[in-house]
Structure formats: structure tokens, C-alpha cells
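Everything below concerns the one structure shown next.
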Amino acid sequence: MKKVMRGVGASVAVGAIVALAACAPPSDDDSAVGEGGVSASSATSAEEFGGMDALIAAAKEEGELNVIALPDNWANYGEIKAAFTEKYGIKITTDQPDGASQDEINSVKTEKGRSTAPDVLDMGSAVTLANTDLYAAYKVATWDDIPDAQKESTGLWVNDYGGYMSIGYDSSKFNSVTALKDLLGSDFKNSVALNGDPTQAGAAFSGVVAASLGNGGSADDISKGVDFFKELKDSGNFVPVQSSPATIKSGETPVALDWDYNNAAAVSENKNWKTVVPEGAVVGSYYNQAINADAPHPAAARLWQEFLFSDEGQNLFLGGGARPVRMDAMTDAGTIDADLAAKLPEVPGEPVFLTTEQTEAATKYLTENWAKAIG
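Reading the sequence shown from the start, the letters are residues -21 to -1, 1 to 354 in mature numbering (1 follows the signal peptide of the UniProt record, and there is no 0).
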């Protein structure tokens, strides 16, 4: 499932930020024009368009928003989409809810110029960084709250929410699981799954990174992670099925390596489902928001960003167990939902966030070696 899935690679939370130029608006721009004479498709902020009221009015006039690869059970997106529609009366169409980040990019290209093209994207970093020419630069009103290391300087992409790689397991079938090496035991035959293909899905990518950290590797060398999954496969423990709420409910994937917020949510499908962030293999990652430069509903796309990065939107991510990018600033301001924050899983040790360079190197290694190791 998606990014349960999503895009290749852990999103960048610290490390080098690539300076990238904004993509020019389409030459045949017929989007709404704000009070300042700037079109919705080229506006780089609500202020530039004429203010938030003007943006809201233009978005309501468009009346629609196309999203992609946002399943309702991923980071609380079901509630987020419902809240946006209730607040602004804008209909949301979700395409390929279980798609990966690469599917989002493919859709941007194949649907270019059509009313069905995605307006906004939510991707892992490797896919994000490889396709910056497809995004429109935009800075939300809460831009200053977002750490510099978690956004592209012009607003081509911005970290929105994140979490930590975890092991989810059916406690009625297995005793307490605390480390990745536990999964090599004979009790785990036909049991261990990833949330997608690590060459295309961010969650699966980070699962391999975590496996590397837990088996003598590092953020600079994920080969140990590939070796770990080859050993899992050779032992008969690896299940080549993408884990999802449906496979967890059916028992097809009684162990899943996935983000902690996804595994925590899976208890709704299996009351015995437990979630643990493995010690010595703590991998953190954020996903990225971006606006399609050729969005068919450019005002709604920008209003969606404003909503996601508002206090309301960030707390809705938190309601799904994901850590919003503005969490520190909101905690300082007293606008974070403290009760929800207190429910987040404990994270043992110092988490590792891959830099841009490490993500690119890991992506290259996986592209060249994953299929050979796993088939």
C-alpha cells in the first residue's frame, strides 16, 4: 500500500538541501488571477495572490482537488480530507489510494494537461528529489515554523509529517519482538513483510535501512539490510506480499515492517497487534508535500497546502500517530494537541535521518541489488 508505501527513500529531515529553481507556470495559464495580478498557478504564497481570503474564494470557485496515493488509513488522511471538504466545500477525488510515490510522478506525466491530473503530491524523498522540475514553488503562511533542513528553499517541496520505522506483529502468534534479528527465528516462517517494493516505496526503503542499522550496517552502507532480507527469504520467513490493513486483518502478513503510525493504526484490524521501534535500528523519515506545476486546480492545491501546514492540519496528522513537521514550534506556542502527543510510541536511542546524499546512494544500491537478492 502506498507509501505504505510510498516513494523510494526516506524523506530528508537533516542534511544538505539542494537549491532548485522553481518551475515556470504553463504558458496557456487560464487559472484565476488574484488581486495583485498574479495567477493561482504561479502564486508562490497566499499573500502574493492577494491574501488568504482571495485564495479561498478562488479555490471554492474551482470546487475540486485531485489527490493521489493517500489512503484514508495513512497518517489520518481520511479525517484530513473530510475536514478540508467540510471547511471549504471542495470535493476531493483520490486516485490510486494504495499507490507508491513513483505512481504519483507517473500520473503527473501521463495525465498532464487533463482535469484528472494530480493537483498535489505526498512522496518519499528519493522520488521527490528526482523530479523537482514537475513542482511549483509555494510557501505556506506557517513557512517560518518549518526548519530549513526540512524544506526546499523556494518551496518546491516541504516535509509535512514523519515517523520511525517499526516492527508490527500479531502478539497472539509471537512472543515479544524487540529486535530485527528476532525475525530470523524459525517461528516466523512465511510471516515477515514490507510495505511495498523498496525501490519504489518509501516505507519499504526505510525498512531496508533499518535492517542495515540493526545488522552492522550504517546510513552510508545499506548492503547489510539487503543481506538481511536475503537471509529472511532464504529461511522462508520473508513474505513477498505488500503489507496493508487488509493483509494484517486476514493474517497474511502477521509481521510488518512499516512506519510506527501505520503499525499503531493496524490495531483497528487486529486487536492483538503490537508495535515496537527496534533498538539500535531507529530510522526516522518525513514525507514531502509538493504542488504539481501543471495542477488543474492550482488555487485548491495551494489552499490544501495551507490547510495541511496549519495548526489544524498538523494536529490531524498527529491524530494519526504521525509527527507533524511543525511539532516543535507548535509545542512552544502551546497549539499542539498535548494529549495526542503523549500517545506517540517511545523511541529508544538516537534516531538516524538519511541525508540527501545518503538517500541517493542507498537508492542506487537498491536499484542495482534488490532484485538480484530477493527476486
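Glycine is no exception: its CB is placed at the ideal position from the N, C-alpha and C atoms.
Where residue i and residue j are concerned, what is the direct C-alpha to C-alpha distance, given to the nearest angstrom?
{"i": "residue 204", "j": "residue 159", "result": "10 Å"}
{"i": "residue 251", "j": "residue 237", "result": "17 Å"}
{"i": "residue 256", "j": "residue 143", "result": "7 Å"}
{"i": "residue 27", "j": "residue 122", "result": "14 Å"}
{"i": "residue 4", "j": "residue 115", "result": "Unreliable placement is indicated for residue 4, whose pLDDT of 41 sits below 50; no coordinate value is reported for it."}
{"i": "residue 109", "j": "residue 270", "result": "15 Å"}
{"i": "residue 197", "j": "residue 102", "result": "23 Å"}
{"i": "residue 1", "j": "residue 62", "result": "Here the model assigns residue 1 a pLDDT of 36, short of 50, so the residue's position is not dependable, and the following value carries that caveat. Rounded to the nearest angstrom, the two C-alpha atoms are 30 Å apart."}
{"i": "residue 289", "j": "residue 95", "result": "26 Å"}
{"i": "residue 342", "j": "residue 186", "result": "13 Å"}
{"i": "residue -7", "j": "residue 338", "result": "Residue placement at residue -7 is poorly supported in this model, since its pLDDT is 33, which falls under 50; the coordinates still yield a value, given next. About 10 Å."}
{"i": "residue 345", "j": "residue 308", "result": "36 Å"}
{"i": "residue 277", "j": "residue 35", "result": "11 Å"}
{"i": "residue 348", "j": "residue 22", "result": "42 Å"}
{"i": "residue 213", "j": "residue 190", "result": "16 Å"}
{"i": "residue 335", "j": "residue 240", "result": "23 Å"}
{"i": "residue 77", "j": "residue 53", "result": "10 Å"}
{"i": "residue 104", "j": "residue 119", "result": "20 Å"}
{"i": "residue 65", "j": "residue 253", "result": "34 Å"}
{"i": "residue 340", "j": "residue 16", "result": "44 Å"}
{"i": "residue 48", "j": "residue 227", "result": "19 Å"}
{"i": "residue 165", "j": "residue 180", "result": "28 Å"}
{"i": "residue 113", "j": "residue 156", "result": "42 Å"}
{"i": "residue 311", "j": "residue 305", "result": "10 Å"}
{"i": "residue 73", "j": "residue 100", "result": "11 Å"}
{"i": "residue 200", "j": "residue 12", "result": "49 Å"}
{"i": "residue 92", "j": "residue 275", "result": "7 Å"}
{"i": "residue 106", "j": "residue 88", "result": "14 Å"}
{"i": "residue 357", "j": "residue 126", "result": "Look at the range of the chain in this structure, -21 to 354, and you will see that residue 357 is not part of it."}
{"i": "residue 32", "j": "residue 248", "result": "41 Å"}
{"i": "residue 51", "j": "residue 75", "result": "12 Å"}
{"i": "residue 60", "j": "residue 283", "result": "9 Å"}
{"i": "residue 294", "j": "residue 230", "result": "32 Å"}
List the whole-angstrom C-beta distance separating residue i from residue j, where the pair is believed to meet the contact cut-off of C-beta under 8 Å.
{"i": "residue 216", "j": "residue 171", "result": "5 Å"}
{"i": "residue 285", "j": "residue 25", "result": "6 Å"}
{"i": "residue 136", "j": "residue 268", "result": "7 Å"}
{"i": "residue 162", "j": "residue 234", "result": "6 Å"}
{"i": "residue 261", "j": "residue 330", "result": "4 Å"}
{"i": "residue 57", "j": "residue 141", "result": "In fact, because the Cβ distance is near 19 Å, the residues do not count as touching under 8 Å."}
{"i": "residue 258", "j": "residue 328", "result": "6 Å"}
{"i": "residue 272", "j": "residue 38", "result": "In fact, because the Cβ distance is near 17 Å, the residues do not count as touching under 8 Å."}
{"i": "residue 79", "j": "residue 175", "result": "6 Å"}
{"i": "residue 246", "j": "residue 169", "result": "22 Å between Cβ atoms; not a contact."}
{"i": "residue 46", "j": "residue 98", "result": "7 Å"}
{"i": "residue 188", "j": "residue 333", "result": "7 Å"}
Please tell me whether, using a cut-off of 7 Å, the distance from the CB of residue i to the nearest non-hydrogen atom of the ligand FAD is below it.
{"i": "residue 62", "result": "Here there are no bound small molecules, and the ligand FAD is not part of this structure."}
DSSP puts residue i in a beta bridge; with which residues?
{"i": "residue 268", "result": "101, 137"}
{"i": "residue 18", "result": "12"}
{"i": "residue 252", "result": "149"}
{"i": "residue 238", "result": "144"}
{"i": "residue 202", "result": "DSSP, once it has assigned bridges, lists no residue as partnering residue 202."}
{"i": "residue 302", "result": "141"}
{"i": "residue 331", "result": "262"}
{"i": "residue 185", "result": "Answer is none; residue 185 lacks a bridge partner."}
{"i": "residue 217", "result": "171"}
{"i": "residue 197", "result": "200"}
Chain C beta carbons: is any one of them nearer than 8 Å to that of residue i?
{"i": "residue 66", "result": "No chain C appears in the structure shown, which is made up of a single protein chain."}
Continuous alpha helix (DSSP H) assignments of at least 4 residues falling wholly in the stretch 25 to 93: Listed in chain order, the complete alpha helix (DSSP H) runs (minimum 4 residues) inside the stretch 25 to 93 are 25 to 28, 31 to 41, 56 to 67, 80 to 89.
Length-filtered (4 minimum) alpha helix (DSSP H) runs lying within the stretch 98 to 174
The alpha helix (DSSP H) runs lying completely inside the stretch 98 to 174 and spanning 4 residues or more are 104 to 108, given in chain order.
| message | Quick test of the definition: if touching needs 3 or more C-beta pairs under 8 Å, does the stretch 287 to 298 touch the stretch 310 to 327? | response | Proximity of the stretch 287 to 298 to the stretch 310 to 327 meets the contact definition, three or more beta-carbon pairs being nearer than 8 Å.
- Item | Cβ contact (3+ pairs, closer than 8 Å) linking the stretch 144 to 155 and the stretch 121 to 136 | Judged by pairs of C-beta atoms under 8 Å, the stretch 144 to 155 does not touch the stretch 121 to 136, as fewer than three such pairs exist.
Between the stretch 204 to 214 and the stretch 342 to 353, are three or more C-beta pairs nearer than 8 Å?
These segments touch.
- Message: Would you call the stretch 53 to 69 in contact with the stretch 35 to 45, where contact means no fewer than 3 C-beta pairs closer than 8 Å?
- Response: Output reads yes: the stretch 35 to 45 touches the stretch 53 to 69.
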